[in-house]
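Participant: What follows is a single structure, and I will ask about it in a moment.
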Amino acid sequence: MHKVVVLGARFGGSATAYWLHKLFPARELEVTVVDQWTTMTYRPALVTAAAGHPALADQWHIAMKQRCEKAGQHFVRDTIMRIDPHQQQVHLASRAPLSYDTLFIATGTDPGWKTIPGLGAERGGVCEDYLARQSGDRLHRARSIVLAVGPLAQAPDDTPRLAGSLDAPAFEISFLTDAWLRQQNQRQNVKLTIITPASVPGEAFGPKNQALLARFLAQRHIDLITQAQYHHVEHDAIHLVGHLAVQADVMIWIPPYHGSELLRVSQLDDGYGWFPADPFCVHEKWPNIYGVGDISRTALPKLGHIAMMQARTAVHHFYALRHHGTPKPFNPYVLHVVWMGRGQGLLTLSNWLYGKGHEWAHPGVSSALAKSLFDYSYKLFSGWMPIMP
Amino acid sequence: MRFVLIVGLCVILATLIAIAAALVGTRLLARRVEHLLGSSPRTSILELFYSLQAWSWREIILTMRRAQSGKVAEHPMDSFVLSPSLLDQLAFDPATFHPNAHPHTHNISLTTQIGPRAKRPLTLRLPVLIAPMGYGIGLAADTKLALAQISSVIGTAASSGEGPFLPEERAYAQRWILQWSKGPWNHSRAVIKLADAIEIHLGQGAEAEIAVHKTHHLPRRLKRMAGQHQIVFHSGIPRDFFRLVPYLRRINPDVPIGVKIPASQHLEADLAILTALSLDFITIDGSEAGSAGSPAVISDHFGIPTASAVKRARDWLISRHIEGVSLIASGGAKGAADIAKLLALGADAVDVGSAILFAMSHGQVERLVPTFFQGPSALVFADSPKHRHPRLDIGQAVLHGTHWFEATAQELQVILQALGLGDVHNLSRQALIARTLEAQTLLELPTSQHVPGESGLSQQVSSLATEYQRLLTSLTEQFALLTSPRSVHRHA
């Protein structure tokens with residue numbers, strides 16, 4: 029049997045495992061999924077936990093091991109140390125190397141906590157369950173809250189260009205926190221600030237969305253500092269280049285994204301820590317290695333929806349190769365809903381970032397309902413929904 | 463109306479009967495107690511009174527345990543400590559005029575580095591480490607994950623303990639110490655490479671360096687990891703110990719490497735051997751340290767107190783002009799005051815175990831007590847899947863554990879403020895006062911009872927000096943009068 033190994037079991041890895049199960053007959057492939065957690069944390073929902081509801085952080089765990097094993101796939105819980113593309117092996121921390129014929133890498137980007145002096149996970153975050161829980165707890169004692177978006181360290185010639193790692197969660201947390209504070213008549217006592225290296229809010233979404241976001245931020249008295257360059261971080265302040273210090277009782281970081289250490293140690297990166305993928309998500313040098321999701325330099329912005337689409341592209345390409353079909357290249361578009369609080373959402377459907385100019389924005393209750401529907405469906409079906417993007 | 467009257471009378475009658483019964487009952491009870499007190503205590507319950515004069519509850523329970531199992535009696539958590547403990551026999555010397563109390567607490571630095579000579583020292587936001595407690599042989603997997611999460615949100619380090627490698631623990635912990643044990647696992651190059659610091663476990667306060675066989679309370683995952691092998695932690699110093707440090711350094715050259723030893727009376731001799739190995743840190747586990755289950759004859763009757771061991775170790779390092787070796791104190795620290803005292807005595811960081819486990823189980827014990835008659839340890843300790851009890855709520859445990867750390871950090875800052883210090887590194891023995899003569903003698907500190915001139919000998923010396931001073935003044939005046947001009951004599 030053809031041995032397929034999928035590294036990572038979050039958005040990209042889970043969707044890859046799904047398409048491998050969906051497209052291929054069980055006897056054709058031996059699929060092994062590797063991750064350090066047997067459960068996946070559904071990260072898009074963590075913004076609600078960070079916005080003052082810490083208990084919600086523990087309600088979005090999905091039993092991914094169970095899901096994969098139910099479909100006849102193997103699941104290995106271990107730390108991935110290194111990939112040897114010559115020997116076609118994945119080296120793990122506590123067991124023998126795994127051999128593969130085809131490899132899908134969906135381990136995401138490493139948070140660059142150490143790339144800004146004084147920054148660390150202990151300053152506050154939202155991208156993992158424990159960070160979101162802690163941020164949500166600390167919010168209860170805060171008078172000044174800063175949502176900080178780290179920079180995205182792209183390769184110099186990568187296009188399209190984005191300045192921030194991912195700014196959408198910062199807007200969501202600020203809107204949700206604003207609504208929560210207003211509910212308790214505490215909004216006037218708390219200062220909310222967003223800092224981003226981007227020049228506009230929602231840099232990946234397009235001008236309509238950017239204008240709407242700017243308007244909503246102003247309406248809710250949420251300060252926005254753009255084009256920020258971080259100098260260093262202290263426990264109660266973020267210092268920007270230009271001697272501007274932003275005071276914060278609580279800071280919540282979307283950390284800098286600076287590629288993957290796994291790719292670097294395996295010498296599979298583009299020189300900047302990113303997976304050098306062609307339009308079919310195939311490695312530029314190794315045709316039996318695919319890169320899916322945040323780890324890929326073509327996955328922009330670093331959203332779950334993009335990872336799911338890349339998984340679809342990659343596995344369909346793999347299927348076409350084995351069954352003499354014609355694969356379709358990755359055709360990106362942004363589909364995202366920003367929680368606005370008070371039962372509202374801002375739905376964005378856009379390919380503006382990729383130079384195609386289409387953009388649709390829809391604020392309102394129906395957008396929030398659509399997001400809720402997606403979130404609960406994802407949880408209900410353990411990531412393998414009847415209709416996948 | 464008549465009905466109400468009848469009911470009222472019945473109630474009054476019932477009350478009177480109840481009062482009468484209570485009076486009679488009390489009197490009978492009093493008579494029985496009086497009789498009991500007067501009777502021979504040889505076989506009555508009063509025997510317990512005499513037993514408890516000589517026996518502690520701890521010894522009684524251990525005796526029962528030995529009687530029931532026929533095996534070495536063990537008990538969990540901290541070891542026996544003479545009351546008051548050596549740490550409780552210390553107080554701090556408050557700042558008054560010089561130095562002043564520090565104006566604020568928020569800018570008092572608690573940041574600490576372990577192994578400053580290493581290429582990548584372990585930097586902690588506060589000088590408190592989560593004590594090594596291994597998965598399966600000590601703690602449940604959920605507890606380990608909660609501790610790793612706490613370490614990351616607080617900015618300290620989690621440790622593998624003697625248990626096997628847990629990928630999810632490493633993923634959660636931003637700073638992870640690998641405890642290189644004498645057990646069957648964690649010796650692979652890959653796991654060594656993953657560590658941010660490596661602690662070679664030679665022994666610990668609660669177990670000295672004896673061999674430990676783990677056969678009970680093993681969770682399913684641990685059994686799967688062990689396979690057919692027995693889980694044995696060998697005794698003594700490993701044969702290749704002196705080649706171990708260079709070996710580990712070759713695999714992971716950038717991180718601090720240290721050793722953990724039990725605090726012994728021949729501590730200085732141990733330090734002489736260890737410092738010759740170019741170690742980055744040494745952890746000293748005092749006699750107060752506990753574990754999930756150690757032989758009571760070891761944990762309660764071996765070793766020297768942590769405070770004394772830390773003081774002696776720091777003195778020895780200073781006397782040999784050895785710098786750059788961090789000293790980690792382990793055992794007996796229950797909160798910020800204990801931690802600050804150990805830092806003042808010479809530690810660079812302090813391991814805390816039991817206190818964090820108690821904090822983590824806060825708010826969850828009530829689920830255990832009414833139904834299962836179990837204590838907080840049932841929530842956090844590893845157990846066989848046959849024993850059913852509620853699982854630890856990781857979210858709650860992390861929140862409460864983090865709160866404990868945040869409170870401890872603030873309390874450390876308050877202590878430093880009251881001492882007039884702006885940095886935890888400035889804590890020294892000058893900040894300490896011995897409350898007892900024992901602490902004064904052991905730790906060579908001034909006592910709170912010490913007032914110069916009050917003791918017999920010093921009083922005599924002092925009064926003699928005063929008399930000499932008076933005599934000198936008088937003679938000087940006489941001499942001045944004799945040698946001065948006549949006018950001055952007249953004026954005088």
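Residue numbers (the working numbering), protein chains in the order written: chain L, 29 to 417; chain H, 463 to 954. All residues carry an ideal CB built from backbone N, CA and C; glycine is no exception. Because the structure is a prediction, the values reported are computed rather than measured.
Roughly how many whole angstroms lie between the Cα atoms of glycine 248(L) and leucine 548(H)?
Facilitator: Looking at the sequence shown, residue 248(L) is not glycine but arginine. Near 57 Å, if we compare the C-alpha coordinates of leucine 548(H) and arginine 248(L).
Participant: Spatial neighbours of aspartate 810(H) within its chain, please: C-beta separation below 7 Å, excluding the five flanking residues on both sides.
Facilitator: Thr574, Ile576, Pro589, Ser788, Leu789 and Ile790
Participant: Please identify, using Cβ separations under 8 Å, the residues of the region 91-114 of chain L that lie next to chain H, in order along the chain.
Facilitator: Per Cβ criterion, the list reads Arg105, Asp106, Thr107 and Met109.
Participant: How long is the line joining the alpha carbons of leucine 311(L) and threonine 187(L), rounded to whole angstroms?
Facilitator: Per the sequence shown, the amino acid found at residue 311(L) is histidine instead of leucine. Each residue's alpha carbon lies about 17 Å from the other.
Participant: Ends of the beta strand (DSSP E) at leucine 374(L)?
Facilitator: For leucine 374(L), the enclosing beta strand (DSSP E) has its first and last residue at 372-378.
Participant: Mind checking which residues open and close the beta strand (DSSP E) that includes histidine 663(H)?
Facilitator: 659-663
Participant: Report the CB separation of valine 814(H) from leucine 804(H) in whole angstroms; it is logged as a contact under 8 Å.
Facilitator: The Cβ separation is near 10 Å, so there is no contact.
Participant: Taking the Cβ atom as the reference point for each residue, do glycine 140(L) and arginine 38(L) lie within a distance shorter than 9 Å?
Facilitator: no
Participant: If you check the beta carbons only, do proline 419(L) and methionine 337(L) fall under 9 Å apart?
Facilitator: Nothing about residue 419(L) can be read from this structure; chain L reaches only from 29 to 417.
Participant: To which residues of the same chain is threonine 44(L) closer than 7 Å at the C-beta, ignoring the five residues directly before and after it?
Facilitator: Val34, Phe132, Ala134, Val320, Ala339, Ala342 and Val343
Participant: Hey, is glutamine 295(L)'s beta-carbon within less than 9 Å of any beta-carbon in chain H?
Facilitator: no
Participant: Roughly how many angstroms lie between the CA atoms of threonine 585(H) and threonine 618(H), to the nearest whole one?
Facilitator: Those two C-alpha atoms are separated by around 8 Å.
Participant: Would you give the residue range spanned by the beta strand (DSSP E) that proline 391(L) belongs to?
Facilitator: 387-392
Participant: Quick one: which unbroken beta strand (DSSP E) runs of 3-plus residues sit fully inside the region 771-823 of chain H? Chain order, please.
Facilitator: 788-792 and 811-814
Participant: Would you say tyrosine 634(H) lies against chain L (beta-carbon separation less than 9 Å)?
Facilitator: yes
Participant: Compare the C-alpha of aspartate 86(L) against each of Leu733(H), Ala608(H), Tyr512(H) and His537(H) and name the closest.
Facilitator: Ala608(H)
Participant: Rounded to whole angstroms, what's the CA-CA distance from asparagine 178(L) to threonine 60(L)? Just pull it up for me.
Facilitator: One point to set straight first is that residue 178(L) is glycine, not asparagine, in the sequence displayed. Each residue's alpha carbon lies about 34 Å from the other.
Participant: So with Cβ pairs under 9 Å, would you call leucine 467(H) a contact of chain L?
Facilitator: no
Participant: My guess is that proline 307(L) and proline 357(L) are in contact by the Cβ rule of under 8 Å, so how many angstroms apart are they, rounded?
Facilitator: Contact holds; Cβ gap of about 4 Å.
Participant: Please confirm if the region 736-748 of chain H is in contact with the region 707-727 of chain H, defined as three or more CB-CB distances below 8 Å between the two stretches.
Facilitator: yes
Participant: What in chain H is Cβ-close to glycine 424(L), meaning under 7 Å?
Facilitator: Absent from the structure is residue 424(L), since the part of chain L shown begins at 29 and ends at 417.
Participant: Using a Cβ-Cβ cut-off of 9 Å, state whether leucine 861(H) counts as contacting chain L.
Facilitator: yes
Participant: As a quick exercise: from Leu591(H), Ala610(H), Asp716(H) and Leu934(H), pick the residue whose alpha carbon is nearest that of proline 578(H).
Facilitator: Asp716(H)
Participant: Only counting runs of 4 or more residues, tell me where the alpha helix (DSSP H) segments fall wholly within the region 48-132 of chain L, in order along the chain.
Facilitator: Listed in chain order, the complete alpha helix (DSSP H) runs (minimum 4 residues) inside the region 48-132 of chain L are 74-78 and 92-98.
Participant: In chain L, which residues lie less than 8 Å from leucine 779(H) when you measure between Cβ atoms?
Facilitator: None at all; the shortest Cβ gap to chain L is about 30 Å.
Participant: By the criterion of Cβ-Cβ separation under 9 Å, what are the contact partners of histidine 119(L) in chain H?
Facilitator: Ala652
Participant: Would you please verify whether the beta carbon of glutamine 64(L) is less than 9 Å from any beta carbon of chain H?
Facilitator: yes
Participant: From the beta carbon of valine 772(H), is the nearest beta carbon of chain L less than 9 Å away?
Facilitator: no
Participant: For valine 653(H) and phenylalanine 627(H), what's the separation of their Cα atoms in angstroms?
Facilitator: 8 Å
Participant: Output yes if chain H places a C-beta closer than 9 Å to the C-beta of glycine 41(L); else output no.
Facilitator: Put simply, the CB of glycine 41(L) is far from chain H, with every gap to its CB atoms at 9 Å or more.
Participant: Spell out the partners DSSP gives histidine 352(L) in its beta bridges.
Facilitator: Histidine 352(L) pairs with nothing; no bridge assigned.
Participant: Return the first residue and the last residue of the beta strand (DSSP E) that histidine 286(L) is part of.
Facilitator: Taken as a continuous stretch (DSSP letters only), histidine 286(L) belongs to no beta strand (DSSP E), as it is neither H nor E.
Participant: Helix or strand or just coil, what does DSSP make of tryptophan 517(H)?
Facilitator: Correct three-state label for tryptophan 517(H): coil.
Participant: Measuring only the C-alpha atoms, how far is serine 890(H) from glycine 882(H)?
Facilitator: 12 Å
Participant: Using DSSP with H/G/I as helix, E/B as strand and the rest coil, what is threonine 870(H)?
Facilitator: helix
Participant: Report yes or no: is there a C-beta of chain H within less than 9 Å of the C-beta of aspartate 264(L)?
Facilitator: yes
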